[in-house]
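**Q** After the structure tokens below, expect a handful of questions from me.
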Amino acid sequence: MRPRRSVVDRVMTVSEPSAPRTVIRLRVLGVVVAALFSLMFIRLWYLQVLDTSAYSKTVTANQVRPVEVPAPRGLITDRNSNIIVGDQVTQDITLSRVAAQEHPAVVGQLAALLGMSSAQIEADLANVQYSLYKPVPIVENAPLSDVLYIGEHASMFPGVSTVADTNRTYPLGQTGVQMLGYVGQISSQQLQAHKSAGYQLGDLFGQSGLENQYQAALRGSPGVDRVEVDAHGQVVGSLGETPPTSGDDLVTNIDSGLEQTLQQALDAEIASLKGKSTEGAAVALDPQTGAVLALVSSPTYDPTWWTNGISTVHYHQIQATGAQNNNAIQGLYTPGSTFKLATATAALQTGLISPSFTYNDTGAYTVPGCKTGGAGCVTYHDNEGEVGGRINVSQALTVSSDIFFYNLGVSFWNDYKANGRYGEAPIQNAAAQLGYGDVTGIDLPNETHLARVDSPTVVQREHTQDPKDYPNGQWFTGNNLELAFGQGGTVITPLEQAVAYATFANGGTRYVPQIAAGTVNAQGKVVRTIVPKVAGHVTFSPANHQAMLQGFEGVIQNSKGTAASAFAGFPLSSFPLAGKTGTATTNEQQPNSWFVGWGPVPNPSYLIAVVVQGGGFGSQAAAPVARQGFDYLVAHPESPTHLGPATTPVVPLPPPTTTTTSPGSTTTTTPKTTAKPRALAATRRRAGRGGL
Amino acid sequence: MPRLLSRLAPTEGMRVRRSKPKRRTELGLLLFGSFIVLATYVLASVGTTSKIPANLGPFLGVVLGLGLAAHIANRIYAPDANAVLLPIATLLNGLGYVMLARIAQHWAQAQAGWTAVGVGAYILTLAFVRRSRDLDRYRYLLLLVAVILMLSPLIPHLGQKHHGARLWIGFGPVNGQPIELAKLALCIFFASYFVEKRELLSVPTLRIGNRLMLDPRPLVPIFVAWAFTMLVLGGEDDIGFALLIFVLFMAMLWLTSGRWNYLALGLVLFIAGAFAADRLFPQVNVRVSEWLHPVATGQINLGLYGMGSGGLLGTGLGFGRIVAACATCSNPIPEVQSDYIFAAFGTEMGLLGTTAIVFAFVLLVGAGLRTAQAARSEFAQMVAAGLTVIIGFQALFIMAGIVRLLPLTGITLPFMAYGGSSLVANYVLIALLMRISDEGERAIVVDQATAQRVVPPNVAPVPVASR
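In order, the protein sequence lines correspond to chains H and W.
Its first residue numbered 15, the first sequence is counted upward by one per residue in our numbering.
Its first residue numbered 5, the second sequence is counted upward by one per residue in our numbering.
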């Protein structure tokens with residue numbers, strides 16, 4: 015301690031802490047603070063004088079307001095360039111909140127002009143869901159007279175402006191709405207999924223059907239109008255506009271006349287069944303290319319319900335009737351006798367039978383070798399058609415002899431069991447080649463994946479996965495028998511049916527069905543051409559193909575044919591048709607009615623497949639619908655799809671009650687030419703698209 | 005000792021009736037400032053609503069009334085104090101009010117109430133703190149007050165969190181930042197403690213080997229106090245005040261000791277603290293990365309756009325496009341009424357306006373430092389210097405943050421930004437400076453009077469030591 019104290023004493027005497035030194039330090043502090051504030055001033059000088067041009071760029075963006083100019087959405091046209099989904103420019107009237115606050119009288123004046131109450135407008139202004147920095151929309155789709163009046167009396171309506179908006183129009187009305195789809199505001203999931211595409215909340219987005227499938231092409235890109243405004247928000251002028259780029263028009267293979275004919279015929283047929291039937295679908299294809307000429311689903315609804323948001327009532331109505339389902343690609347129906355196409359193909363291909371093979375149809379069938387009265391030993395009866403007697407495969411198809419095909423199913427199974435011949439699933443293999451039980455790959459979203467062709471592996475797999483719902487995992491002779499005439503667990507979509515028969519009709523090439531033919535930009539230039547796509551091949555020997563075709567022709571042309579009566583009076587000599595009926599027994603009371611027809615044979619240009627749920631016999635409900643389609647086609651033969659700019663909206667067909675063959679959309683400028691019989695083989699693909 | 009006695013004698017020993025030239029100057033400056041505030045108020049109203057404000061008379065009455073109330077208090081309680089402190093404070097306060105009224109009326113109304121409370125606090129401070137040395141006596145009581153104030157936001161239910169910082173307390177409808185008042189108490193404590201330990205802090209007394217070193221022991225409690233402050237502020241996620249208290253602490257330590265190695269130590273501490281804070285407190289990390297890489301349409305960039313668009317003369321009051329919401333405006337700068345009010349001035353009044361504000365703070369700092377120089381005790385000197393450091397650096401930090409010289413710290417621009425506790429605390433701060441100034445200036449006045457032999461007859465001349 016001692017030395018230390020002495021140090022303190024010494025130091026204290028040497029340098030007493032002095033006030034002048036503190037004053038110097040205070041001055042140093044003052045200089046430091048002054049220097050810091052000077053730095054501050056230099057920075058401000060740099061920011062607000064020297065660098066101001068760099069910021070003024072950003073700042074002019076604040077004073078020049080970019081106003082998004084929505085791009086007109088591309089139109090959808092039919093094969094003859096008639097508009098089937100159009101755009102309509104509407105005017106919305108908006109009111110600025112600030113202006114309404116400064117000039118309270120404007121609310122009353124606007125209310126009087128628009129026939130609204132002031133309270134309604136006040137409620138709109140108070141609605142916080144509208145952006146605080148944008149004018150509030152008061153009326154959507156305002157009448158032109160109001161828009162003009164506001165324009166001419168601008169001083170009376172401070173802060174009121176009119177904004178252009180576009181709505182989708184549907185010249186076909188309720189026809190084909192599920193295929194065409196609808197547009198609505200982009201959902202957050204869609205926004206997330208298309209992050210890089212520059213979408214913003216509130217943008218329109220195709221929600222279903224073609225609108226969804228071809229969204230990218232139809233969308234276009236929005237323009238920007240750079241509007242200069244003064245401090246009070248009054249528009250001083252426009253500094254130029256980047257015009258929006260219209261979306262491309264989508265040209266489809268659809269014949270709007272045929273589309274309407276089939277929709278009206280199908281709706282009328284279902285209506286005539288008075289509640290026994292609730293739904294159905296029809297598909298028309300060009301068998302030579304896979305081009306979809308028509309695709310309709312029933313029941314249907316008014317697509318304009320979606321414009322500006324659907325009401326709860328309408329939404330529940332669509333939900334309750336199932337009208338939003340596209341039954342052509344989402345409906346699953348037991349194929350019934352139409353499936354005999356696959357069984358006959360399998361039997362002839364594998365050599366189980368030859369075209370000359372005959373079998374005695376006695377009208378009843380008992381599985382051979384089963385003990386009478388034993389379990390599973392049932393006598394099967396013919397479902398439709400008459401007792402055929404001794405018949406070959408052609409005749410069996412014509413009269414739709416179930417007995418003949420029971421025998422084929424049982425023979426296949428017994429041969430496999432006894433000799434291991436033809437494999438376990440020869441019918442299923444033929445069905446798969448024809449495209450049954452698989453997605454067709456049509457250019458529409460949400461095609462069902464649930465179609466299935468019954469087979470031992472499918473039955474076993476389902477039993478393993480879900481033993482409760484599928485208690486039986488075994489495959490019996492009876493299963494093969496049911497499979498052979500299209501009953502049992504097999505369910506398919508109407509489009510699959512059309513594709514399978516088109517494959518047979520063109521000689522064995524399976525095409526991917528395609529609605530769109532291409533896209534055309536606003537200048538009329540073809541942007542994209544969609545060419546036919548081959549999905550697979552089925553080999554038919556000429557003799558086998560001829561034998562089966564003969565049978566299918568007989569269905570319509572032979573007096574014994576199951577659909578002969580439905581086509582009575584049809585000009586079969588100039589327009590020979592082939593077809594097949596189906597009457598698929600289901601758990602419901604009435605069987606599903608099927609019909610597939612194509613013509614003119616032997617080189618058909620058209621194929622129509624129709625299903626009417628609960629319609630009864632194939633010849634009763636489905637065949638008449640298809641016939642109306644063929645009647646239309648006889649009167650209006652197709653010309654190749656015209657890839658070009660849209661011309662005029664399609665003219666709706668008059669109601670079907672007047673006459674089913676009335677001229678439909680003949681507003682087109684393209685002359686109709688008679689469909690030329692097209693050669694098979696490689697040139698066929700090009701020929702089908704001659705116009706491209 | 006004789007020096008101090010000589011200074012005490014004239015004030016306490018006699019009542020001198022003198023003219024008060026400082027107060028006359030002050031009154032003139034107050035009236036001039038009120039005129040500026042009134043003019044900007046009219047301009048802002050014309051700019052926003054195209055109308056001359058209807059409440060012009062009452063407005064002028066309140067502005068003048070509050071200014072005059074403080075002025076009269078000065079005449080009574082601090083007749084010789086600095087003439088520019090109060091006029092600058094009221095001018096900044098008035099301009100801030102005008103900008104708040106231009107942004108949104110409800111803030112202006114609340115701010116008007118707080119201004120009245122602030123002026124009241126100013127008068128009460130002058131009335132109750134009659135001698136600066138009284139404060140010296142309550143050193144540890146003030147430390148306790150500062151600790152409680154700083155801890156109060158951490159109390160459950162009482163504390164509130166805004167914008168990531170747990171700095172507020174709420175009590176019914178009233179809430180505020182207690183740290184604003186704590187900074188004054190801390191300043192007084194630091195001054196008192198440093199002055200008492202001045203010798204130990206500045207003179208090497210510890211022998212290690214054959215070298216003399218500073219005895220670190222007197223630093224221990226002060227470092228404890230400082231570390232505690234930093235910890236509390238870290239816990240409240242506020243870097244602005246942590247930085248301010250740190251700068252205050254370092255400045256006062258250096259002012260009393262004159263030791264540069266303290267500043268070096270402080271710099272090391274600061275760098276270490278900054279690294280630790282960057283790791284420990286997410287808010288620090290966020291502020292720094294926002295400073296280095298501002299978000300395109302974030303607060304920092306919007307502020308810069310606004311100031312850039314203001315240019316030399318500004319858009320004019322009421323015409324800024326990112327200051328307040330309007331039909332055609334862009335989204336306003338976030339927190340434009342509090343942290344970012346300086347950007348609003350930059351937008352609408354341009355470089356001229358911002359320079360005026362910067363100069364006002366420079367004048368305030370100058371007046372504060374002059375007060376410190378003239379202070380009649382070392383304690384008063386340190387208090388004045390500390391208070392000046394507080395107001396100067398608080399203004400610097402927020403303004404430098406807005407112009408992106410420094411990372412943004414969420415502290416208020418004294419007198420201008422919206423905030424009751426800040427306003428009240430800063431008025432108290434000015435009142436304390438006025439008190440110290442009054443003591444110091446009166447001594448000088450009396451010194452001069454003595455030198456000129458204008459001495460009241462009943463008092464004997466007292467020898468005066470030169471300052």
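Using N, Cα and C, we set each Cβ at its ideal position, and we do this for glycine too.
Helix or strand or just coil, what does DSSP make of alanine 305(H)?
**A** Taking the first residue of the first sequence as position 1, residue 305(H) is located at position 291. It is a strand residue.
**Q** Please report how far the alpha carbon of leucine 308(W) lies from the alpha carbon of threonine 413(W), in whole angstroms.
**A** The count along the second sequence starts at 1 and reaches residue 308(W) at position 304. The count along the second sequence starts at 1 and reaches residue 413(W) at position 409. Rounded to whole angstroms, leucine 308(W) to threonine 413(W) spans 16 Å at the Cα level.
**Q** Can you give me, in chain order, the residues of the region 124-143 of chain W that have a beta carbon less than 7 Å from any beta carbon in chain H?
**A** Per Cβ criterion, the list is empty.
**Q** Exposed or buried, isoleucine 159(W), counting other C-beta atoms within 10 Å across all chains shown (16 or more means buried)?
**A** Walking along the second sequence from the start, residue 159(W) turns up at place 155. Burial call: exposed.
**Q** Could you tell me the boundaries of the beta strand (DSSP E) in which asparagine 339(H) lies?
**A** Locating residue 339(H) in the first sequence gives position 325, where the first residue counts as 1. Unbroken run through asparagine 339(H): none, as it is neither H nor E.
**Q** Quick one: any contact between the region 494-510 of chain H and the region 534-545 of chain H, if contact means 3 or more CB pairs under 8 Å?
**A** Output reads no: the region 534-545 of chain H does not touch the region 494-510 of chain H.
**Q** Taking only three categories from DSSP, how would you classify proline 685(H)?
**A** To locate residue 685(H), count along the first sequence from 1; it is residue 671. The predicted model places proline 685(H) with a pLDDT of 36, which falls under 50 and marks its position as unreliable, so this point remains unresolved.
**Q** Run through chain H and tell me which residues come within less than 8 Å of valine 407(W), C-beta to C-beta.
**A** In the second sequence, residue 407(W) corresponds to position 403, counting from 1. Simply Met54, Arg57, Leu58, Leu61.
**Q** Which residues of chain H have a Cβ atom closer than 8 Å to the Cβ of tryptophan 258(W), listed in chain order?
**A** For the purposes of this step, residue 258(W) is identified with residue 254 of the second sequence, where counting begins at 1. Those within 8 Å of tryptophan 258(W) in chain H are Arg39.
**Q** Contact criterion: CB-CB distance below 7 Å. Does arginine 35(H) meet it with respect to chain W?
**A** Here residue 35(H) is taken as the residue at index 21 of the first sequence, counted from 1. Chain W, which has a Cβ nearer than 7 Å to the Cβ of arginine 35(H), makes this yes.
**Q** Any contact of the region 157-169 of chain H with the region 287-294 of chain H, i.e. 3+ C-beta pairs under 8 Å?
**A** The region 157-169 of chain H vs the region 287-294 of chain H: no contact.
**Q** Mind pulling the chain H residues with CB within less than 7 Å of threonine 359(W)?
**A** Reading the second sequence from its first residue, position 355 is the one you call residue 359(W). The contacting residues are Phe55, Leu58.
**Q** Sorry if obvious, but does the Cβ on serine 469(H) come closer than 6 Å to a heavy atom of the ligand ATP?
**A** Because no ligand of any kind appears in the structure shown, any question about the ligand ATP cannot be addressed here.
**Q** Using a Cβ cut-off of 7 Å (strictly closer), state whether valine 47(H) contacts chain W.
**A** As a working note, residue 47(H) is residue 33 in the first sequence. With 7 Å as the cut-off, valine 47(H) counts as an interface residue toward chain W.
**Q** Going by DSSP, what residues sit across from glycine 314(W) in a beta bridge?
**A** For the purposes of this step, residue 314(W) is taken as the residue at position 310 of the second sequence. Bridge partners of glycine 314(W): none, in fact.
**Q** Output the distance between the C-alpha atoms of leucine 219(W) and lysine 201(W), rounded to the nearest integer angstrom.
**A** As a working mapping, residue 219(W) is identified with position 215 in the second sequence. As a working mapping, residue 201(W) is identified with position 197 in the second sequence. In the sequence on display, residue 219(W) carries aspartate and not leucine. Spanning the two alpha carbons is a distance of roughly 11 Å.
**Q** How about leucine 89(H): is its C-beta nearer than 7 Å to some C-beta of chain W?
**A** Residue mapping note: residue 89(H) aligns to position 75 of the first sequence, counting from 1. It does not: the Cβ of leucine 89(H) has no partner Cβ on chain W nearer than 7 Å.
**Q** If you measure between the beta carbons of valine 102(W) and alanine 48(W), is that distance less than 7 Å?
**A** Locating residue 102(W) in the second sequence gives position 98, where the first residue counts as 1. Locating residue 48(W) in the second sequence gives position 44, where the first residue counts as 1. Yes; because the gap between Cβ atoms is below 7 Å, this pair is in contact.
**Q** If we call anything under 7 Å between Cβ atoms a contact, is threonine 576(H) one with threonine 595(H)?
**A** On the first sequence, residue 576(H) is found 562 positions in, with the first residue counted as 1. On the first sequence, residue 595(H) is found 581 positions in, with the first residue counted as 1. In this structure, threonine 595(H) lies closer than 7 Å to threonine 576(H) by Cβ.
**Q** Quick one: what does DSSP say valine 639(H) is sitting in, helix, strand or coil?
**A** On the first sequence, position 625 is the one that residue 639(H) refers to. Helix.
**Q** Could you check where the alpha helix (DSSP H) with leucine 146(W) kicks off and where it finishes?
**A** As a position in the second sequence, residue 146(W) is number 142, starting the count at 1. It spans 143-155 - the alpha helix (DSSP H) in which leucine 146(W) sits, taken as one unbroken run.
**Q** Check whether chain W comes within 7 Å of glycine 44(H), counting only Cβ atoms and requiring the distance to be less than that.
**A** Here residue 44(H) corresponds to residue number 30 of the first sequence, with the count starting at 1. For glycine 44(H), the answer is yes, since a Cβ of chain W falls inside 7 Å of its Cβ.
**Q** Which one of Ala446(H), Pro382(H), Gly437(H) has the shortest CA to CA distance from isoleucine 6(H)?
**A** Given a span of 15 to 706 for chain H in the structure shown, any question on residue 6(H) remains unanswerable.
**Q** Is the Cβ-Cβ distance between threonine 180(H) and valine 161(H) less than 7 Å?
**A** Translated into positions along the first sequence, residue 180(H) becomes position 166. Translated into positions along the first sequence, residue 161(H) becomes position 147. No, they are not a contact pair.
**Q** What is the C-beta distance between aspartate 452(H) and aspartate 269(H), in whole angstroms, given that I count them as a contact (C-beta under 8 Å)?
**A** Position 438 of the first sequence, counted from the start, is the residue given in the question as residue 452(H). Position 255 of the first sequence, counted from the start, is the residue given in the question as residue 269(H). Rounded, the Cβ-Cβ distance is 27 Å, inconsistent with contact.
**Q** Can you give me the Cβ contacts of proline 472(W) inside the same chain, cut-off strictly under 6 Å, excluding the 5 residues immediately before and after it?
**A** Since the first residue shown for chain W is 5 and the last is 471, residue 472(W) is missing from the structure and cannot be characterised.
**Q** For tryptophan 264(W), count neighbouring C-beta atoms within 10 Å of its own C-beta (all shown protein chains included) and say buried if the count is 16 or more, exposed if not.
**A** One-based indexing of the second sequence puts residue 264(W) at position 260. Its Cβ having fewer than 16 others within 10 Å, tryptophan 264(W) is exposed.
**Q** Assuming valine 625(H) and alanine 592(H) are in contact, meaning their beta carbons sit under 8 Å apart, how far apart are those beta carbons, in whole angstroms?
**A** Taking the first sequence and counting its residues from 1, one reaches residue 625(H) at position 611. Taking the first sequence and counting its residues from 1, one reaches residue 592(H) at position 578. Incorrect: roughly 18 Å between the Cβ atoms, too far for contact.
**Q** Hey, would you say proline 618(H) sits closer than 7 Å to proline 301(H), going by beta carbons?
**A** Residue numbering aside, residue 618(H) sits at position 604 when the first sequence is read from its first letter. Residue numbering aside, residue 301(H) sits at position 287 when the first sequence is read from its first letter. Yes, they are a contact pair.
**Q** Roughly how many angstroms lie between the CA atoms of histidine 463(H) and threonine 266(H), to the nearest whole one?
**A** For the purposes of this step, residue 463(H) is taken as residue 449 along the first sequence, with counting starting at 1. For the purposes of this step, residue 266(H) is taken as residue 252 along the first sequence, with counting starting at 1. Between histidine 463(H) and threonine 266(H), the C-alpha separation is close to 24 Å.
**Q** To the nearest angstrom, how far is it from the Cα of glutamine 278(H) to the Cα of tyrosine 228(H)?
**A** Numbered from its first residue, the first sequence carries residue 278(H) at position 264. Numbered from its first residue, the first sequence carries residue 228(H) at position 214. Taking the straight line joining both Cα atoms gives about 26 Å.
**Q** For phenylalanine 171(H), go through chain W and note every residue whose CB falls closer than 7 Å to its CB, in chain order.
**A** Taking the first sequence and counting its residues from 1, the one referred to as residue 171(H) is at position 157. Ordered by position in chain W, no residue passes the 7 Å Cβ test against phenylalanine 171(H), which lies about 15 Å from the chain.
**Q** Of the residues Met420(W), Ser381(W), Met154(W), which one's Cα is nearest the Cα of glycine 239(W)?
**A** The count along the second sequence starts at 1 and reaches residue 239(W) at position 235. Nearest of Met420(W), Ser381(W), Met154(W) to glycine 239(W), Cα basis: Met154(W).
**Q** Kindly say whether phenylalanine 51(H), judged by its beta-carbon, lies nearer than 7 Å to any beta-carbon of chain W.
**A** As a position in the first sequence, residue 51(H) is number 37, starting the count at 1. Phenylalanine 51(H) counts as touching chain W.
**Q** Which residues in the same chain as glutamine 564(H) place their Cβ atom closer than 6 Å to its Cβ, once the five residues preceding and following it in sequence are excluded?
**A** The residue labelled residue 564(H) in the question sits at position 550 within the first sequence. Same-chain partners within the cutoff: Ser408.
**Q** Closer than 9 Å, Cβ to Cβ, to anything on chain H: give me those residues from the region 78-111 of chain W, in chain order.
**A** So nothing in the stretch comes that close.
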